[in-house]
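Chemist:
Chains as they are written, first to last, in our numbering: chain A, 1 to 182; chain B, 183 to 597.
1) Please compile the residues from chain A whose C-beta is within a distance smaller than 8 Å of the C-beta of residue 459 (chain B).
2) Within this structure, are the beta carbons of residue 234 (chain B) and residue 521 (chain B) separated by less than 8 Å?
3) Beta-carbon separation of residue 13 (chain A) and residue 149 (chain A) under 8 Å?
4) Could I get the ranges of all uninterrupted beta strand (DSSP E) runs contained in the segment 33 to 109 of chain A, with 3 residues as the minimum, in chain order?
5) Residues of chain A with a CB under 7 Å from the CB of residue 497 (chain B): which are they?
6) Should residue 564 (chain B) go down as buried or exposed, given a rule of 16 or more other Cβ atoms within 10 Å for buried?
7) Measure from the C-beta of residue 453 (chain B) to each C-beta in chain A and report whether the shortest distance is under 8 Å.
8) Are the C-beta of residue 456 (chain B) and some C-beta of chain A separated by less than 8 Å?
9) 8 Å is my cut-off, CB to CB: does residue 1 (chain A) come that close to chain B?
10) Could you round the C-beta distance between residue 371 (chain B) and residue 330 (chain B) to whole angstroms and report it? I think they count as a contact, below 8 Å.
11) Using beta carbons (cut-off 8 Å, strictly below), is residue 100 (chain A) in contact with chain B?
12) How is the beta strand (DSSP E) around residue 148 (chain A) delimited, first residue to last?
13) Look at the alpha carbon of residue 578 (chain B) and the alpha carbon of residue 585 (chain B), and state the distance between them as a whole number of angstroms.
14) What does a CB cutoff of less than 8 Å around residue 326 (chain B) pick up in its chain, not counting 5 residues either side in sequence?
15) Contact criterion: CB-CB distance below 8 Å. Does residue 542 (chain B) meet it with respect to chain A?
16) Verify whether the separation of the beta carbon atoms of residue 294 (chain B) and residue 378 (chain B) is less than 8 Å.
17) So that I know if they touch, is there some Cβ in chain A lying closer than 8 Å to that of residue 449 (chain B)?
18) On a CA-only basis, which of A:41, A:59, A:72 is nearest residue 496 (chain B)? Give me that one, please.
19) DSSP three-state call for residue 302 (chain B): helix, strand or coil?
20) Output needed for residue 42 (chain A): all residues of its chain with C-beta closer than 7 Å, excluding positions within five of it in sequence on either side, in chain order.
21) Can the beta-carbon of residue 374 (chain B) be found less than 8 Å from the beta-carbon of residue 289 (chain B)?
22) For residue 585 (chain B), name the three-state secondary structure that DSSP assigns.
23) Grouping DSSP H, G and I as helix and E and B as strand, with all else coil, what is residue 179 (chain A)?
24) Which two residues bound the contiguous beta strand (DSSP E) that contains residue 15 (chain A)?
25) Identify each residue in the segment 99 to 126 of chain A for which the Cβ-Cβ distance to at least one residue of chain B is less than 9 Å, and report them in chain order.
26) Helix, strand or coil for residue 497 (chain B)? Go by DSSP, reduced to three states.
27) Measure how close the beta-carbons of residue 192 (chain B) and residue 517 (chain B) come, nearest whole angstrom, since I'm counting them as under 8 Å.
28) Confirm, please, whether the CB-CB distance from residue 260 (chain B) to residue 253 (chain B) is below 8 Å.
29) I'd like the span of the alpha helix (DSSP H) that includes residue 457 (chain B), first residue to last.
30) Looking at the secondary structure, which residues open and close the alpha helix (DSSP H) in which residue 132 (chain A) lies?
31) On a CA-only basis, which of B:315, B:363, B:557 is nearest residue 215 (chain B)? Give me that one, please.
32) Apart from the five residues just before and just after residue 116 (chain A), which ones in its own chain have a Cβ nearer than 6 Å to its Cβ?
33) Can you give me the C-alpha to C-alpha distance between residue 26 (chain A) and residue 172 (chain A), rounded to a whole angstrom?
34) For the alpha helix (DSSP H) that contains residue 318 (chain B), what are its first and last residues?
35) When you compare only the Cα positions, how much space is there between residue 223 (chain B) and residue 551 (chain B)?
36) Below 7 Å CB to CB, which residues in the same chain sit around residue 541 (chain B) once its five sequence neighbours on both sides are set aside?
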C-alpha cells in the first residue's frame, strides 16, 4: 500500500518574472529535445503555443461535426414528422416544404455546434478536475498575477530530474522546484 | 516602419489609373452612343454598372465607420483604400444624373400619361405609394443622399488628412465621434436609396429588410476588393511589413462573416414571402424564378453562399494568401451576378406582366444584353480609376495615427 501512496515526481518547474524569458526557455527546451511540458501564465503570451510545440486543437473539427449533426438532426426530424409520421396539408404545400424547415435546421446547427464547442473544450482540457499537481509548486499563486512558469514533466522520455533542473537553471529563472503529484 | 517608397509603386499606380480611366471613358462612350442609337437596354446596363460601383464606395464608407468605432488593427490597413473608395461617391452621384433625368425609362411609377398623371394612379397597391414615389420627391431624396454620403466621405477624408499632417490625437477623436452617427445615417439613407433606385423597379413590391440586403452586398464588395488590393500591394513596402498573416486572417474572417450575413438576410426575406405566398409579395421571387432567371438564382445561392462558405470555413484557407485571394476574386465576379439578379428580373418582368399594368417603355429590352457587360466594365474601370486617383494622394498607411503602431503590431508574436 505504501508504494501506491508514495508521491511520484510530477516534474520540474521553473518560475520566471518576464514573459519573454518563459518564451525563450520554452524554445530552448524544445531545441534540447523535451516534448512533454507546459507553461502557465497570467496573460496570453503570443507564440508560446508554437514554442511549446503544441499542435492545433482538433476542437474545430469536432465543432464542424457537431454542427453538421445539428443540421441533419434538424432537417431529418422535420422531414420525418411532416412527411412520414404525420403528413398534413398546410395551404396546399407539399409535405416536404424545405423552406419551412430552414429556421429549425439553422437553430439546431448553431445549438449542436455551440454545445460541442463548450463541452468539447472541457473534455479536451480534461475538465472538470479537482486538483492538479502543478498547484504543489511553491509560489504558484503568482501564475495568476505576474509570474510565468514552465514545467517539464516526468512523463517526458528524456526526463532526468538533475539534468532538467540544471537545464532550467540556465534559463535565468527566479526559482526551480521539483514537485510531486501528492 | 517608414513610409519611404521607391518611385516604382507610385508610377505603377499612376499607369493603372490612366489605363482604368481610359477603359472607363471608352466604355462610357459606347454607352452614350447606344443611348443615342436608342438601345432600350442602355438603362439596365447603366444601372447594373452604377450600383456595382456604388457598392465599393458605400462599402468603403461603412468600413470607415466600423473601423473608427471598433479600432481593430485590420482597419488601419483598410483605412486608406476605404477612404479613397468613399471619396468616389461624388463622381458616382454625378454619374447617376442620366438615370435621374430619364426615370420613366426604368421605373414604372415614373411613367406619366398625356395628362401628366402617373399610370399607377388607379392601381390599388401602388397609388398610395405615389406620395413617396414621385418625380419631385425623388429629386429631393437624391440630393439628400448625395449630400450625406459625399459629406460623410469628405469629413473622414479631411480629418484623416489632418491627422496625417499633425499626428494629433484630436483628429482621431473627431473621426471616432462622427463614426457612430454616420453609421446610423448611412443605414437609414442606404435603406431609402435601395427602395428608391432598386426596389421601386417593381413598384407594387415591398420588403423592409431590402436595404440591409444591399448593404451586406456592399460589404462583400469592398472587403473582397480590399483583400485583393492589399495582397497585391504587399509585394512592396510598406504594406509588405504591415499586412501580416494575422491581418489577412482578420479581414478574411470579416469577409466570411459577411458571406453568412448576406445569406441570413436573404433567407429571412425569402421565408417570410414563401410562407405568406401573397400575390403582391411573391412576385419578386416569381420574377427571379421564371425560366432563365432561375438559373441565375441558383448560381447566386451556390456562389455567394454555399461554395464560399464551405471554402472559407477552414482556418487554413483564410490564412493562405492564395486561397483567400482566389475566394475574394471569385466573390468580386459574383457581385456582378448579384447586381444583375437584383435588377434585370425586375426590369424584364415576365410573371407580373399580366398582373400589373406595367408600362411598356422600360420593358422592351432583352433579359441579358451585351450592354450589361459594357456597363459593368465601364463602371468597374471608372470606379477603379477614380479610386486610384484618391488613393495616390495619401501615404498608403496612416502611420501618424497615434494608435497605428499599437493596432498593427500588438497582435504579432513577440518571439
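C-beta atoms are modelled at their ideal positions from N, C-alpha and C, and glycine is treated no differently.
Modeler: Looking at the coordinates:
1) Stepping through the second chain from its first residue, residue 459 (chain B) is reached at position 277. Neighbours of residue 459 (chain B) on chain A, chain order: 91.
2) Counted from its first residue, the second chain places residue 234 (chain B) at position 52. Counted from its first residue, the second chain places residue 521 (chain B) at position 339. Taking 8 Å as the Cβ cut-off, residue 234 (chain B) and residue 521 (chain B) qualify as a contacting pair.
3) Counted from its first residue, the first chain places residue 13 (chain A) at position 13. Counted from its first residue, the first chain places residue 149 (chain A) at position 149. Closer than 8 Å, so yes.
4) Counting only runs of 3 or more, we get 37 to 40.
5) As a first step, residue 497 (chain B) must be located in the second chain, where it is residue number 315. Those within 7 Å of residue 497 (chain B) in chain A are 60.
6) Position 382 of the second chain, counted from the start, is the residue given in the question as residue 564 (chain B). That one is buried.
7) Along the second chain, read from residue 1 onward, the residue named residue 453 (chain B) stands at position 271. Taking Cβ atoms only, chain A reaches closer than 8 Å to residue 453 (chain B), which makes this a yes.
8) In the second chain, the residue the question calls residue 456 (chain B) occupies position 274. It does; some Cβ of chain A falls within 8 Å.
9) To locate residue 1 (chain A), count along the first chain from 1; it is residue 1. Note that residue 1 (chain A) has pLDDT 45, beneath the 50 cutoff, so the model's placement of it is unreliable and the number below is only indicative. Answer no: the Cβ-Cβ gap between residue 1 (chain A) and chain B never drops below 8 Å.
10) In the second chain, residue 371 (chain B) corresponds to position 189, counting from 1. In the second chain, residue 330 (chain B) corresponds to position 148, counting from 1. Confirmed, about 5 Å.
11) In the first chain, counting from the first residue as 1, residue 100 (chain A) sits at position 100. Output row for residue 100 (chain A): interface = yes.
12) Position 148 of the first chain, counting from 1, holds the residue named residue 148 (chain A). Where residue 148 (chain A) is concerned, the enclosing beta strand (DSSP E) stretches over 148 to 153.
13) Mapped onto the second chain, residue 578 (chain B) falls at position 396. Mapped onto the second chain, residue 585 (chain B) falls at position 403. Annotation: residue 578 (chain B) to residue 585 (chain B) spans about 16 Å, alpha carbon to alpha carbon.
14) Translated into the one-based positions of the second chain, residue 326 (chain B) becomes position 144. 371.
15) On the second chain, position 360 is the one that residue 542 (chain B) refers to. Unreliable placement is indicated for residue 542 (chain B), whose pLDDT of 41 sits below 50; the coordinate value is still reported in the next sentence. Interface flag for residue 542 (chain B) against chain A is unset, since no Cβ pair is found closer than 8 Å.
16) Residue 294 (chain B) sits at position 112 when you count from the first residue of the second chain. Residue 378 (chain B) sits at position 196 when you count from the first residue of the second chain. With contacts defined by Cβ atoms closer than 8 Å, residue 294 (chain B) and residue 378 (chain B) do not form a contacting pair.
17) As a position in the second chain, residue 449 (chain B) is number 267, starting the count at 1. Answer yes: the Cβ-Cβ gap between residue 449 (chain B) and chain A drops below 8 Å somewhere.
18) Here residue 496 (chain B) refers to the residue found at position 314 of the second chain. If we check each option's Cα against that of residue 496 (chain B), A:59 comes out closest.
19) Locating residue 302 (chain B) in the second chain gives position 120, where the first residue counts as 1. Residue state, collapsed to three classes: coil.
20) As a working mapping, residue 42 (chain A) is identified with position 42 in the first chain. 143, 144, 145, 146, listed in sequence order.
21) One-based indexing of the second chain puts residue 374 (chain B) at position 192. One-based indexing of the second chain puts residue 289 (chain B) at position 107. One thing to note: residue 374 (chain B) has its Cβ no nearer than 8 Å to the Cβ of residue 289 (chain B).
22) If you number the second chain from 1, residue 585 (chain B) lands on position 403. In the three-state scheme derived from DSSP, where H, G and I count as helix and E and B as strand, residue 585 (chain B) is classed as coil.
23) Here residue 179 (chain A) corresponds to residue number 179 of the first chain, with the count starting at 1. It is a strand residue.
24) Stepping through the first chain from its first residue, residue 15 (chain A) is reached at position 15. That run of the beta strand (DSSP E) goes 9 to 16.
25) Those residues of the segment 99 to 126 of chain A that come within reach of chain B (Cβ to Cβ, closer than 9 Å) are 99, 100, 102, 103, 106.
26) For this step, residue 497 (chain B) is matched to residue 315 along the second chain. Helix, per DSSP.
27) As a first step, residue 192 (chain B) is located in the second chain; it is residue number 10 there, counting from the start. As a first step, residue 517 (chain B) is located in the second chain; it is residue number 335 there, counting from the start. Taking a contact as a CB-CB distance under 8 Å, the pair residue 192 (chain B) and residue 517 (chain B) does not count as one, their CB atoms being some 28 Å apart.
28) Position 71 of the second chain, counting from 1, holds the residue named residue 253 (chain B). Position 78 of the second chain, counting from 1, holds the residue named residue 260 (chain B). Their beta carbons are not under 8 Å apart, which means residue 253 (chain B) does not touch residue 260 (chain B) by this criterion.
29) As a first step, residue 457 (chain B) must be located in the second chain, where it is residue number 275. Segment 427 to 458, the alpha helix (DSSP H) holding residue 457 (chain B).
30) Against the first chain, residue 132 (chain A) aligns to sequence position 132. Where residue 132 (chain A) is concerned, there is no enclosing alpha helix (DSSP H), given that its DSSP letter is neither H nor E.
31) The residue you call residue 215 (chain B) lines up with position 33 of the second chain. Nearest in C-alpha terms to residue 215 (chain B), of all of B:315, B:363, B:557, is B:557.
32) If you number the first chain from 1, residue 116 (chain A) lands on position 116. Contacts found: 62, 63, 66.
33) Taking the first chain and counting its residues from 1, the one referred to as residue 26 (chain A) is at position 26. Taking the first chain and counting its residues from 1, the one referred to as residue 172 (chain A) is at position 172. Rounded to whole angstroms, the gap between the alpha carbons of residue 26 (chain A) and residue 172 (chain A) is 12 Å.
34) The sequence position of residue 318 (chain B) within the second chain is 136, counting from 1. First-last of the alpha helix (DSSP H) with residue 318 (chain B): 317 to 348.
35) In the second chain, counting from the first residue as 1, residue 223 (chain B) sits at position 41. In the second chain, counting from the first residue as 1, residue 551 (chain B) sits at position 369. Taking the Cα positions, residue 223 (chain B) is about 7 Å away from residue 551 (chain B).
36) Your numbering for residue 541 (chain B) matches position 359 in the second chain. Note on residue 541 (chain B): pLDDT 43, under 50, position unreliable in the model; no value is reported.
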